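Just so it is clear: in the sequence shown, position 106 is 106 by the working numbering, and no numbers are missing.
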Amino acid sequence: MAITIDTPQGVDAWTEFVTFHDTVYAQRAARWTSFLPLELPILTGESPFVRGRRVRPFWARENRRTVARVLAVIDERYQKHWNEKLGMANGIDVLTSTTGHRSDLPRTPNAASIQLLRPGPSCPGLPSLIVRRAPWPPSKST
1 MAITIDTPQG
11 VDAWTEFVTF
21 HDTVYAQRAA
31 RWTSFLPLEL
41 PILTGESPFV
51 RGRRVRPFWA
61 RENRRTVARV
71 LAVIDERYQK
81 HWNEKLGMAN
91 GIDVLTSTTG
101 HRSDLPRTPN
111 AASIQLLRPG
121 PSCPGLPSLI
131 VRRAPWPPSK
141 ST
């Protein structure tokens, strides 16, 4: 089945987005684990980190199973100060053949990010992963 790119919505999906990092690195003896109390408020818009920034999570899914994730960040303070329209990709995690999951994906997250995050013609400076625009962060009622 085809891999789809989408934006997770709601606390349950955001929790899965954050903890996907643990799935990717589960086989490593030494690793940082995800830290939900820090990362989830960034996605809900409640963290002071998001002041002056727009963040949006994206995940690649195959058969409803996450195979990659990235957090797109637009830092408006940076853009204003440096007069540079720049989008950043943070928290890039990809299941690879080395974990026994996706033999057709590149073997390292860096190689995957090069393939997945080429600037798109409709959004210069932003990853081509960003396939649609919508208000972000969501309203508190979501």
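We treat Cβ as the ideally placed atom computed from N, Cα and C, and that holds for glycine. If you're wondering where the values come from, they're calculated on a predicted model, not measured in any experiment.
- Shown here, R69 sits in a strand according to DSSP, grouped into three states.
- Taking A2 as the centre and dropping the five residues before and after it, the same chain places the C-beta of E62 closer than 8 angstroms to its C-beta, in chain order.
- Taking C-alpha positions only, F17 is separated from K85 by approximately 26 angstroms.
- Here the region 22-35 makes no contact with the region 49-65; the two share fewer than three CB pairs at distances below 8 angstroms.
- For V50, there is no enclosing alpha helix (DSSP H), since its DSSP letter is neither H nor E.
- Non-local beta-carbon contacts of V11 in its own chain, meaning distances under 8 angstroms to residues more than five positions away in sequence, involve L40, T44 in chain order.
- DSSP places A13 inside the alpha helix (DSSP H), whose first and last residues are 10-24.
- P8 sits buried, since 16 or more C-beta atoms from the chains shown fall within 10 Å of its C-beta.
- Taking 8 angstroms as the upper bound for CB-CB distance, V94 and A68 are in contact here, some 4 angstroms apart.
- Taking the Cβ atoms as the reference, R53 lies roughly 7 angstroms from E76, within the contact range of under 8 angstroms.
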